[in-house]
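Chains as they are written, first to last, in the working numbering: chain D, 67 to 479; chain B, 100 to 363.
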Amino acid sequence: MAAEKRAGAALRVRAYTLTTALGAGCAPALEALRRGRSGLALSRFETVEFESPLGEVQGLDARPLPADFAAFDCRNNRLARFALGQDGFEDAVRAAVARHGPSRVGVFLGTSTSGVLASEVAYRQRDPATGALPRDHDYRHTHNVYSLGDFVRRWFGLSGPAYVVSTACSSSAKVFGSAQRMIACGLIDAAIVGGVDSFCLTTIYGFQSLQLLSPRPCRPYDRERDGISLGEGAAFALLEPAAPGKSGPGEMYFTGFGESCDAHQFSSPHPQGRGARIAMEEALRRAGLAPADIDYVNLHGTATPSNDAAEDQAVRAVLGTTVPCSSTKGHTGHTLGAAGAVEAAIAMLALESSTAFGGTGTREIDPDLRCNYLLANLERPIRHAISNSFGFGGSNCSLVFSRTPVPARRTDP
Amino acid sequence: MKPLQVDIAGIGLLGPGLPGWGGSVGPLTGGAPFQAVPPVLPPVEALPPAERRRVGVAIRLAMTVGFEAARDAGADPARLPTVFSSTGGDTDNCHAILETLSSADRSLSPTRFQNSVHNAPAGYWSIATRCEAASTSLCSFDATFASALLEAAVQVLSDGGACLLIAYDTPYPEPLVSLRPISHAMGVGLVLRPAAGASPRGRLTIRATGDAPTRLADPGLDSLRGSTPVGRSLPLLRQLAARERGRVVIEYLDPMHLAVEVEP
Numbered sequence: 067m068a069a070e071k072r073a074g075a076a077l078r079v080r081a082y083t084l085t086t087a088l089g090a091g092c093a094p095a096l097e098a099l100r101r102g103r104s105g106l107a108l109s110r111f112e113t114v115e116f117e118s119p120l121g122e123v124q125g126l127d128a129r130p131l132p133a134d135f136a137a138f139d140c141r142n143n144r145l146a147r148f149a150l151g152q153d154g155f156e157d158a159v160r161a162a163v164a165r166h167g168p169s170r171v172g173v174f175l176g177t178s179t180s181g182v183l184a185s186e187v188a189y190r191q192r193d194p195a196t197g198a199l200p201r202d203h204d205y206r207h208t209h210n211v212y213s214l215g216d217f218v219r220r221w222f223g224l225s226g227p228a229y230v231v232s233t234a235c236s237s238s239a240k241v242f243g244s245a246q247r248m249i250a251c252g253l254i255d256a257a258i259v260g261g262v263d264s265f266c267l268t269t270i271y272g273f274q275s276l277q278l279l280s281p282r283p284c285r286p287y288d289r290e291r292d293g294i295s296l297g298e299g300a301a302f303a304l305l306e307p308a309a310p311g312k313s314g315p316g317e318m319y320f321t322g323f324g325e326s327c328d329a330h331q332f333s334s335p336h337p338q339g340r341g342a343r344i345a346m347e348e349a350l351r352r353a354g355l356a357p358a359d360i361d362y363v364n365l366h367g368t369a370t371p372s373n374d375a376a377e378d379q380a381v382r383a384v385l386g387t388t389v390p391c392s393s394t395k396g397h398t399g400h401t402l403g404a405a406g407a408v409e410a411a412i413a414m415l416a417l418e419s420s421t422a423f424g425g426t427g428t429r430e431i432d433p434d435l436r437c438n439y440l441l442a443n444l445e446r447p448i449r450h451a452i453s454n455s456f457g458f459g460g461s462n463c464s465l466v467f468s469r470t471p472v473p474a475r476r477t478d479p
Numbered sequence: 100m101k102p103l104q105v106d107i108a109g110i111g112l113l114g115p116g117l118p119g120w121g122g123s124v125g126p127l128t129g130g131a132p133f134q135a136v137p138p139v140l141p142p143v144e145a146l147p148p149a150e151r152r153r154v155g156v157a158i159r160l161a162m163t164v165g166f167e168a169a170r171d172a173g174a175d176p177a178r179l180p181t182v183f184s185s186t187g188g189d190t191d192n193c194h195a196i197l198e199t200l201s202s203a204d205r206s207l208s209p210t211r212f213q214n215s216v217h218n219a220p221a222g223y224w225s226i227a228t229r230c231e232a233a234s235t236s237l238c239s240f241d242a243t244f245a246s247a248l249l250e251a252a253v254q255v256l257s258d259g260g261a262c263l264l265i266a267y268d269t270p271y272p273e274p275l276v277s278l279r280p281i282s283h284a285m286g287v288g289l290v291l292r293p294a295a296g297a298s299p300r301g302r303l304t305i306r307a308t309g310d311a312p313t314r315l316a317d318p319g320l321d322s323l324r325g326s327t328p329v330g331r332s333l334p335l336l337r338q339l340a341a342r343e344r345g346r347v348v349i350e351y352l353d354p355m356h357l358a359v360e361v362e363p
């Protein structure tokens, strides 16, 4: 069993897609990343009383779910459905269901706030006399954390294992690990993983209360960085076991994950990034890779002073100061519970396009941060990329994506 | 689905009429009458005073059953990966935020916002125990306990070490309780570990089944099974309490449920 713990068990990424403020599907995201275009714009969501730079997915109000899914209709599930419709993802899932059967395809998704916006609106519409919520408010299929998993499972007519992970900003990174374990234990043959988070008053007013919202589009790693910009987003990947020795050109693999807790403070990271370090080391070990094998790091890089400083120390401790790094929060905003999956997709775009994307929004790199932070794109082949996601409660997860299913090898003594 | 075999090394339980594992064996097995008396929640001594003041029922409940299970297993909580599960998280806190956001002054308390994340108990737990091991927090609506049991078993089998499952639910206040009627606060802690040698609290073999979920003979307990999502664990807990060989079916995602064979 101990040997098994370290064995690389790569999964093939049969399909992936992302939808953020950069646009619907991979193509507009790649185009924006190549051009350093940000999707952030000063805006006011719903009835929020103040403006802030937001990475909004446009047009969701005009995209209600079909009538037979009306119970699930809320901003979060609309975003989920919009994203599922891109890049041929639905066809890839249906083909996997045909290959394996509906009970052998798992659904493991992440969100932080699910469809809580529906309850926020419903609370404003309570009956003044009785305090009752409007009759048509459907808590189960909108607000509840499982709503997203339930929706996607039913959308594809699946009957296998399903749950939604909600560990704040690491949620949809952790589901990649869940899928790996479930497949390794023989419970399923394929998994839909991903994450969706959409705007709601809870997060906008909540981050405002913590004074973590920057008044300007966020500037990760900048000397003058002063907080996050919120974004919404959805990303999905379809994972299947990698056939041994059968990797082909153009294929993509999920090769490792590492999870840890800071065990330090609730809403600020361990100052030396101890938990982040453990997560990256564990991910490398599971992938059977050495630090020098990593060619690009998609940082969590939220642009708060303490988060970036802690992650910088962790990355330097594990990977050194030469590996190209960037945060793409300046492009998409911080998509919270979707960030893990969104940035996993961006790491795969980096591998596929042989481009380590330069961060945007950042003008002058903080001299105290000494990672090789990119302000411009770096075009060169990328063999393996790490994506970091760290959340409230000290919940950390790092993922490794590769062009080849790395053979298992022990890197620890 | 391949059968999953794991040992239960320790149990924690707190719910109506279920005052800790030792005190629950009687009511679960019919040796003592079951009466749904609300449980007494101890303060969380393990948290630093600043954090202790910030935590409500859901977090205290989760921590109480977690510590009881770890103690029962003789396991160091600082070294146990955790699977937290709940269908609604901190429901009181959620209601308070929704009230504020629908009021004239929408200013949220930073603590309320922090505690609104589904993994709030996991965050406080890792701070209290100084545990840096992997931790997840998940939800599958009424199938949440079964999902967490599967996830914890799969972690044990893929990592080869022990894992602590902490499942808890608390009722929402009005008006949400009308839409999501959870009757009682209840929490369950289970330390799972690889099956080997003599099993302290019972050996589980878990399979998928199309059979209907097991009901409990005691009407009060069976009502709790249906009215609190984590109560779906009660047939398994009853079997473990009886310390006899048997098979129970735990409600999962209909039509698939989990058949659990228990060997003492």
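All residues carry an ideal CB built from backbone N, CA and C; glycine is no exception. This structure is a prediction, so every number in the text was calculated from the model and none was measured.
Task: Coarse secondary structure for Arg306(B), derived from DSSP in three states - done: strand
Task: 8 Å Cβ cutoff, Glu343(B) in contact with chain D - done: Residue contact check for Glu343(B) against chain D: no CB pair falls below 8 Å.
- [ ] Go ahead and label Pro115(B) buried or exposed: buried means 16 or more other beta carbons lie within 10 angstroms of its beta carbon, across all protein chains shown.
- [x] buried
TODO: Residues of the segment 212-227 of chain B with a CB closer than 8 Å to any CB of chain D: list them in chain order, please.
DONE: Phe212, Gln213, Ser215, Val216, His217, Asn218, Ala219, Ala221, Gly222, Tyr223, Ser225 and Ile226
Task: Inside the segment 262-329 of chain D only - beta strand (DSSP E) runs reaching at least 3 residues - done: 299-307 and 319-327
Open item on the list: Any beta carbon of chain B sitting closer than 8 Å to that of Ala158(D)?
Closed with: no
Task: Residues sharing a beta bridge with Cys391(D), DSSP - done: In DSSP, Cys391(D) forms a bridge with Val363(D) and Tyr439(D).
- [ ] Tell me where the beta strand (DSSP E) around Gln104(B) begins and ends.
- [x] Leu103 to Gly114
TODO: Check the DSSP bridge columns for Asn454(D) and list the partner residues they point to.
DONE: Paired residue(s): Ser464(D).
Task: Assigned secondary structure, Ser257(D) (DSSP; H/G/I helix, E/B strand, else coil) - done: Reading off the sequence shown, one finds Ala at residue 257(D), where the question assumed Ser. Strand.
Open item on the list: For a contact defined as C-beta to C-beta under 7 Å, what are the partners of Pro274(B) on chain D?
Closed with: Arg192, Gly197, Ala198 and Leu199
- [ ] Give every residue of the same chain whose Cβ lies closer than 6 Å to the Cβ of Ala108(B), excluding the five residues on either side of it in the sequence, and list them in chain order.
- [x] Ala172, Val290, Arg292 and Pro299
Task: Residues of its chain near Ser185(D), where Cβ-Cβ distance is below 6 Å and the 5 sequence neighbours each way are ignored - done: Around Ser185(D), the same chain offers His209 as residues with beta carbons nearer than 6 Å, after the five sequence neighbours per side are excluded.
Open item on the list: I'd like the span of the alpha helix (DSSP H) that includes Cys92(D), first residue to last.
Closed with: Cys92 to Arg101
- [ ] Could you tell me whether the Cβ of Met355(B) comes closer than 8 Å to any Cβ of chain D?
- [x] yes
TODO: Below 8 Å on the Cβ atoms is my guess for Ala219(B) versus Gly188(B); work out the distance and round it to an integer in Å.
DONE: 7 Å
Task: Span of the alpha helix (DSSP H), counted from its first residue to its last, around Thr374(D) - done: It should be pointed out that residue 374(D) corresponds to Asp in this sequence rather than to Thr. Start and end: Pro371 to Leu385.
Open item on the list: Taking CB distances under 8 Å as the criterion, tell me whether Thr304(B) reaches chain D.
Closed with: no
Task: Closest residue to Asp321(B) among Leu127(B), Pro274(B) and Ser123(B) (Cα-Cα distance) - done: Leu127(B)
TODO: Report yes if the C-beta distance between Gly457(D) and Ala234(D) is below 8 Å; otherwise report no.
DONE: yes
Task: is_contact[Asp153(D), chain B] using C-beta, thresh 8 Å - done: no
- [ ] Flag this pair as touching only if the segment 238-250 of chain B and the segment 325-335 of chain B have three or more C-beta atom pairs under 8 Å; answer yes or no.
- [x] yes
Task: Alpha-carbon to alpha-carbon, Gly403(D) and Ser238(D) - done: 6 Å
Open item on the list: Just checking: is the beta-carbon of Arg300(B) within a distance shorter than 8 Å of some beta-carbon in chain D?
Closed with: no
Open item on the list: List, from N- to C-terminal side, the beta strand (DSSP E) runs of 3 residues or more that fit wholly inside the segment 156-225 of chain B.
Closed with: 181-184
Task: Secondary structure of Gly215(D), DSSP reduced to three states - done: helix
- [ ] Check the C-beta distance from Ala358(B) over to Thr308(B) and give it rounded, since I have them as a contact under 8 Å.
- [x] Contact between Ala358(B) and Thr308(B) holds: CB atoms are separated by about 4 Å, below the 8 Å threshold.
Open item on the list: Can you check whether the C-beta of Ser169(D) is within less than 8 Å of a C-beta belonging to chain B?
Closed with: Closer than 8 Å: yes.
Open item on the list: Considering just the uninterrupted stretch of the alpha helix (DSSP H) at Phe148(D), what are its terminal residues?
Closed with: Arg141 to Leu150 is the extent of the alpha helix (DSSP H) around Phe148(D).
Open item on the list: Could you tell me which whole alpha helix (DSSP H) segments of length 4 or greater appear in the segment 294-362 of chain B?
Closed with: 318-326 and 333-341, all fully within the segment 294-362 of chain B.
TODO: Could you say which of Ala195(B), Ala227(B) and Asp258(B) lies nearest to Asn214(B) if we only look at CA atoms?
DONE: Ala195(B)
- [ ] Work out the CA separation of Cys193(B) and Ala284(B) for me, nearest whole Å.
- [x] Whole-angstrom Cα-Cα distance: 15 Å.
Task: Contacting residues, own chain, Cβ-Cβ under 7 Å from Gly91(D) (five flanking each side not counted) - done: Here the set comprises Thr83, Thr85, Gln152 and Asp153.
Open item on the list: Please identify the residue among Arg78(D), Pro194(D) and Val218(D) whose C-alpha is closest to the C-alpha of Ala301(D).
Closed with: Val218(D)
Open item on the list: Applying the 10 Å Cβ sphere with the 16-neighbour rule, what's the burial state of Pro433(D)?
Closed with: exposed
TODO: Flag this pair as yes or no: are the beta carbons of Leu88(D) and Thr398(D) separated by less than 8 Å?
DONE: Taking 8 Å as the Cβ cut-off, Leu88(D) and Thr398(D) qualify as a contacting pair.
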